[in-house]
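Report on one structure; see the data block that follows.
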Amino acid sequence: MYRIDRRSLLMTGTLGLSAYAVPGFAQTDSVATLRGFTHGVASGEPASDSMLLWTRYLPADGKPAHVAVEVAENRDFAKIVSEGVAITGPWRDWTAKITVSGLQPGTHYFYRFVTPDGTRSPVGRTKTLPEGNQARAFKAAIFSCANMPFGFFNAYAHAAARDDIDLAIHLGDYFYEYRLGGYPPLRDQVRSTEPANELIHLADYRTRYASYRADPDLQALHARLPWIVQCDDHETANDTWEGGAQNHQPDEGDWSLRRNAAMQAWREWMPVSDEPWKTYEIGALATLFRTETRDLARTEQPDIAPLIKEADPVAALKAFRDGAWMDPAATMMGTQQANWLFHALRQSVRTGRKWQIVGFGTIMGHMIMPEAALSWLDASSSEGSRNYILRAVKAGKLGLPFNYDDWGGYPAERARFLRAAQAASANLVVISGDSHNGWAYDLGQAGRPAGVEFAGQSVTSNGYEGSTKTDPRVIAAGLVAANPELKWCDTSRRGYMALTITPARVSNDWMFVDSIKTRSANAVVGHTATVMHGRNVMV
Numbered sequence: 031m032y033r034i035d036r037r038s039l040l041m042t043g044t045l046g047l048s049a050y051a052v053p054g055f056a057q058t059d060s061v062a063t064l065r066g067f068t069h070g071v072a073s074g075e076p077a078s079d080s081m082l083l084w085t086r087y088l089p090a091d092g093k094p095a096h097v098a099v100e101v102a103e104n105r106d107f108a109k110i111v112s113e114g115v116a117i118t119g120p121w122r123d124w125t126a127k128i129t130v131s132g133l134q135p136g137t138h139y140f141y142r143f144v145t146p147d148g149t150r151s152p153v154g155r156t157k158t159l160p161e162g163n164q165a166r167a168f169k170a171a172i173f174s175c176a177n178m179p180f181g182f183f184n185a186y187a188h189a190a191a192r193d194d195i196d197l198a199i200h201l202g203d204y205f206y207e208y209r210l211g212g213y214p215p216l217r218d219q220v221r222s223t224e225p226a227n228e229l230i231h232l233a234d235y236r237t238r239y240a241s242y243r244a245d246p247d248l249q250a251l252h253a254r255l256p257w258i259v260q261c262d263d264h265e266t267a268n269d270t271w272e273g274g275a276q277n278h279q280p281d282e283g284d285w286s287l288r289r290n291a292a293m294q295a296w297r298e299w300m301p302v303s304d305e306p307w308k309t310y311e312i313g314a315l316a317t318l319f320r321t322e323t324r325d326l327a328r329t330e331q332p333d334i335a336p337l338i339k340e341a342d343p344v345a346a347l348k349a350f351r352d353g354a355w356m357d358p359a360a361t362m363m364g365t366q367q368a369n370w371l372f373h374a375l376r377q378s379v380r381t382g383r384k385w386q387i388v389g390f391g392t393i394m395g396h397m398i399m400p401e402a403a404l405s406w407l408d409a410s411s412s413e414g415s416r417n418y419i420l421r422a423v424k425a426g427k428l429g430l431p432f433n434y435d436d437w438g439g440y441p442a443e444r445a446r447f448l449r450a451a452q453a454a455s456a457n458l459v460v461i462s463g464d465s466h467n468g469w470a471y472d473l474g475q476a477g478r479p480a481g482v483e484f485a486g487q488s489v490t491s492n493g494y495e496g497s498t499k500t501d502p503r504v505i506a507a508g509l510v511a512a513n514p515e516l517k518w519c520d521t522s523r524r525g526y527m528a529l530t531i532t533p534a535r536v537s538n539d540w541m542f543v544d545s546i547k548t549r550s551a552n553a554v555v556g557h558t559a560t561v562m563h564g565r566n567v568m569v
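If you use this note's numbering, the sequence shown corresponds to residues 31 to 569, in order.
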């Protein structure tokens, strides 16, 4: 069990009492009233010799401002080893991103931002990626699906207080776009967020980021570790695809304008570069791949709901299974990104990296819904939940998955990706989020192992427990029994994953927090899964 006392928690933050003078924690009317360095600091896009550093500075006079950054190996900043300067203003919501270079591999650095009048930001700490055989082990904390009204970000607090984490990875749903109280099945809102309305315009998205980034535990984790960040759907709208989203209606304006506004705010507020996808070399240990599977090329998700209403739903589902479901043109990545990824996998293997770790926003493991699921629902579950399970069970009897918004809706592309990994002789580890629950899969293609998948539970968003009455252990056993690729799952707890990479093995801990209803930094290892080099299946 990892238990962290209050003193350790407070030492990680560099935030002080001012952190509580922000929405959700005290009485500030709006994030718009904040001035100075309003949201701490962050780092991201790590390399062995460079780092992207982020802050937000809004001067009292509201005029564009120069913001400089200083980097040192010691907290006293007696010797500056790298620096840079940027101009910020309202056109980028007063955020500043500066990439510094000339750094040493595998090294901790401290950094701070300074304005011309001498005002200084909080101090952040970051770490460059290793080179060659410098590191014999590397550990990443992996997050997804953080919905502020659902609870406290205790997963962030726990990870921020650890001393053994080298990197934070966020796989998407950093926030949610819904109006306050508009995301079912929220039965007991724990805290609020701004704005109260659904996010549609640029100002909406910016304000939601400002509200989330005011959270002291999220600020502490950003200030503590470098981040690699990618999007899923809620950074724009639920079930996003290239041409729209489930949660975008005609009366909400042109989809491209909303999507562009969301992505502009994301690039402003996240410590992320402008490349849509990217590789990160973790010395000789691994290559980590950041992908984009939502906004740029994804085709629309299949929908089996109309098929259930056909006169012969079984025949309709069979026709779908053998036809439209296997459409080779259906894509999450698009051909350009897929071509990049397939070549990059081969290059990683050729250059001797031991592991190829690919981050996707959604789950790849094949999942059908067993008939037993009909008895799992809570009597108070919504009609929508009941209909969803009923459809999923009928589809599952024909071998069809229950989720078409993840890789279950794109089987031809899934097969292409797994074949590419097999052809490259990759030691493939897929990491994914989105589902709010924890999963471990052995991924196969054409009867042969292709890799493993570790899928993470949410930071706060409700999982299966939000609509079921059955003991989670019974649900887990039923799902594992019905799905050969699935080796373990947890459908009831929140937290994050801690992935440890060594030359011989990759192991993953699913960390479960005590609660999200009260603020705490306690967590336990709920399950550990391991894959050995050269095996592509879990031991």
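Glycine included, C-beta positions come from ideal geometry on N, C-alpha and C.
Inter-residue distance for R416 and P533 is about 46 Å (C-alpha atoms, whole angstroms). Counting the other Cβ atoms within 10 Å of the Cβ of T317 gives 16 or more, which makes it buried. DSSP, reduced to helix, strand and coil, places P256 within a strand of the structure shown. DSSP places T63 in the helix class (H, G or I) of the three-state scheme. Its Cα nearest to that of S497, the residue D408 stands out among R444, Y440, D408.
For D539, the uninterrupted beta strand (DSSP E) segment begins and ends at 535-543. Residue environment analysis places E340 among the exposed positions, since fewer than 16 neighbouring C-beta atoms fall within 10 angstroms of its C-beta. Assignment of beta-bridge partners to P479 by DSSP yields G474. Contact between Y471 and E515 holds, with the beta-carbon distance rounding to 5 Å and staying under 8 Å. Of the residues assessed, A295 falls on the buried side of the cut-off, its CB having 16 or more other CB atoms within 10 angstroms.
Between G391 and Q276, the C-beta spacing is not below 9 Å. In the displayed model, V504 falls within a helix according to three-state DSSP. Rounded to whole angstroms, the separation of the alpha carbons of P256 and H231 is 29 Å. The beta carbons of F319 and A374 sit closer together than 9 Å. Apart from sequence neighbours up to five positions away, the residues of its chain that approach T137 with a beta-carbon distance below 6 Å are T158, ordered along the chain. Look at S241 here: in three-state DSSP terms it is helix. Runs of the beta strand (DSSP E) lying entirely within the region 99-176 and spanning at least 3 residues, in chain order: 110-118, 125-130, 138-144, 154-157, 168-173.
The three-state reading of DSSP puts I531 in strand, counting E and B together. The straight-line gap separating the alpha-carbon atoms of I128 and R122 is approximately 14 Å.
Taking the C-beta atoms as reference points, T490 is found no nearer than 9 Å to N268. Counting the other CB atoms within 10 Å of its CB gives S222 a total below 16, which places it among the exposed residues. Secondary structure note for H188: it is in no beta strand (DSSP E), and the uninterrupted alpha helix (DSSP H) holding it is 184-190. Each residue's CA atom was taken as its position, placing T145 and Y213 some 40 Å apart. If the five residues before and after F140 are omitted, its C-beta is found closer than 6 Å to the C-beta atoms of A102, R105, V153, R155, all from its own chain and listed in chain order. Under the three-state reduction of DSSP output, R380 falls in the helix class.
Counted as a single uninterrupted DSSP element, the beta strand (DSSP E) harbouring Q386 occupies residues 385-390. Within 10 angstroms of the beta-carbon of G481 lie 16 or more other beta-carbons, which makes it buried. With 16 or more other Cβ atoms inside 10 Å of its own Cβ, Q249 counts as buried. The region 401-463 is shown to contain whole alpha helix (DSSP H) runs of 4 or more residues at 413-426, 441-453, in chain order. Judged by beta-carbon spacing, T85 lies within the 9 Å limit of S151, meaning their Cβ atoms are closer than that value.
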